[in-house]
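This report concerns only the one structure given below.
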Amino acid sequence: MNAPLSRRDFVFRSSLASAAALAVPTVLAAQASAPAAAPTDGAAPAEGPDTRLRVAICGAGGRGMAAVDGLASENIVAICDVDEARCAEAVAAHPQARFFRDYRKMFESMAGEIDAVTVSTPDHTHFQIAMAAIQHGKHVFVEKPLTHSIWEARELTLAARKAGVATQMGNQGHANEGTRLMREWIQAGAIGKVHTVYHWTNRPIWPQGMRAPDHSKFIPVQPKTLDWDGWLGVAPDRPYDPAYVPFNWRGWWDFGTGALGDMGCHVMDAVYWALDLGAPEWVEAAGTEYNDQSPPKASVVTYQYGARGDMPPVKVVWYDGGLKPAYPKGVPVDTVLPESGSLLVGDGGVMMSDTYNSSVRLVPEEKMRAFAPNRPPRSIPRVEGGDHFAEWVRACKGGDKAGSNFDYAGPFTEAVLLGVVALRARHRIYWDAANARVTNDESANQYVRRPYRPGWGV
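Residue numbers 7 to 464, in the numbering used here, belong to the letters of the sequence shown in order.
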């Protein structure tokens with residue numbers, strides 16, 4: 007395996023493409039068609055809407071079943087998972103697919119028989135698998151957050167663009183009708199100039215704020231079906247413990263990105279797109295009961311964005327752990343807020359949406375009733391059925407780029423994960439987007455790019 011790049015090399019490479027890597031694509035750019043590069047390793051390209059893709063599923067248990075089900079119309083040729091028990095349902099449903107525990111062996115063995123790859127593994131292994139797929143010339147779908155670190159998001163974006171492969175991040179709400187309505191309504195001035203946004207989520211629904219498990223009195227037995235070394239991947243070595251797998255890994259910094267990383271790429275998505283937010287100028291965060299190993303039980307993260315064109319600066323505030331914002335002026339206190347959602351406050355009104363933007367409305371309700379007859383006409387192409395897997399498949403077969411392709415999802419993930427950096431730094435951080443660096447605290451840059459366990463780098 008190649009050694010990770012030095013920080014000097016990273017800054018140099020990132021600065022070469024900073025403007026393109028961080029720019030939020032316009033509606034037309036997001037819909038523009040780009041021909042896919044010819045696959046390598048002898049793979050024959052999928053051509054035409056009636057040709058089935060040969061898909062490899064990496065991470066087929068839990069959330070991975072969404073990819074298995076969402077791509078059932080294609081030809082699933084490989085299933086890769088470090089736990090045979092967790093992926094048993096997927097393997098049984100696709101007996102023709104070859105099974106692997108190690109994605110590296112999968113590519114070594116059958117790269118020429120794969121057109122596209124999905125990655126639904128824990129956050130800390132997204133980058134390595136997705137980058138391997140891109141290096142083999144494969145189209146790739148990666149669950150959110152796109153990566154575990156900002157550096158990884160930048161590198162993956164650049165690599166996918168260079169390879170010309172079709173990409174998609176699994177923030178499925180980006181394909182929804184409501185996401186497009188929000189952008190159209192904001193552009194039409196439905197609530198005037200937006201200056202403040204509040205986001206919140208009911209996560210975490212797993213433990214956070216913990217210390218490392220104590221094995222002095224109890225040594226857990228590792229399941230025989232689990233390849234623990236493969237599950238750890240790039241993360242620092244440690245003994246197996248059920249505190250980490252199969253679900254609670256999100257509550258550990260070495261594997262997950264906490265409630266913010268889990269839900270930020272869902273809840274923040276439509277606002278980020280509608281307001282063309284790009285990279286924040288600074289971020290600060292506060293949380294309860296957290297440490298250097300685990301995210302807080304609850305947190306508040308504030309992002310400050312500058313002016314964009316004729317749009318004014320905007321403050322974006324994130325709440326998790328059961329916290330929600332105060333009701334903005336003009337919103338009745340009996341207004342029912344969804345478990346997860348957003349409030350956009352403009353100089354002419356307030357807009358509210360839920361987690362995946364299946365419901366976007368002006369509040370209070372009388373404002374919505376007055377606005378409804380005069381809603382602007384549709385100006386943004388819709389995704390048929392709101393199906394983000396089908397949207398990606400069409401892109402793989404030569405259609406328009408998927409809406410959450412990495413040119414959009416990469417910079418968006420960077421912005422979300424800056425909140426993680428601020429949480430770990432524990433004070434306000436100022437961000438140099440061009441060079442992907444915190445400028446006021448050198449020690450905070452250790453959270454921008456992490457070291458990898460020997461033998462597991464890209």
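Note that CB positions come from ideal geometry on N, CA and C, so glycine has one too.
Residue 356 and residue 314 have their C-alpha atoms some 20 Å from each other.
Residue pairing by DSSP places residue 386 in no beta bridge whatsoever.
The three-state reading of DSSP puts residue 118 in helix, counting H, G and I together. Note: residue 293 is bridge-paired with 305 in the DSSP secondary-structure output. Annotation for residue 202: the continuous beta strand (DSSP E) segment containing it runs 200 to 206. Look at the beta carbons and you see the region 275 to 292 touching the region 183 to 199: at least three pairs across the two are nearer than 8 Å. Residue 418: member of the alpha helix (DSSP H) spanning 412 to 431, first to last residue. Distance from the CA of residue 269 to the CA of residue 250, rounded to the nearest whole angstrom, comes to 19 Å. Measuring C-alpha to C-alpha distances from residue 102 to each of 93, 83 and 117 identifies 83 as the nearest. Each residue's CA atom was taken as its position, placing residue 240 and residue 399 some 29 Å apart. The DSSP-derived three-state label of residue 437 is strand.
Judged by their CB atoms, residue 163 and residue 412 are nearer to each other than the 8 Å cut-off.
By the criterion of a C-beta distance shorter than 7 Å, residue 178 is surrounded in its chain by 362 and 394, once the five residues flanking it on both sides are discounted. Here DSSP, grouped into helix, strand and coil, assigns residue 134 to helix.
Counting of Cβ neighbours within 10 angstroms places residue 147 among the buried residues, the total reaching 16 or more. In the same chain as residue 68, and ignoring 5 residues on each side of it, the C-beta atoms closer than 8 Å to its own belong to 92, 126, 252 and 253, in chain order.
Scanning its chain for C-beta atoms nearer than 8 Å, with the 5 sequence neighbours on each side dropped, one finds around residue 384 the residues 186 and 190, in chain order. A check of alpha carbon separations from residue 300 across 324, 258, 276 and 155 identifies 258 as the nearest. Secondary structure note for residue 71: its alpha helix (DSSP H) is the uninterrupted segment 70 to 76. Under the criterion of beta carbons closer than 8 Å, residue 425 and residue 324 qualify as touching, at roughly 6 Å.
Listed as beta-bridge partners of residue 124 by DSSP are 63 and 147.
Put simply, the backbone Cα of residue 115 is about 30 Å away from that of residue 262.
Shortest Cα-Cα distance from residue 109 to any of 137, 94 and 99 involves 137. The continuous beta strand (DSSP E) containing residue 360 extends over residues 355 to 360.
Burial check for residue 359: the Cβ neighbour count within 10 Å reaches 16 or more, so the residue is buried. Within the region 204 to 253, complete alpha helix (DSSP H) segments of at least 4 residues are found at 234 to 238, given in chain order. Here residue 87 is near residue 66, since their CB atoms are less than 8 Å apart.
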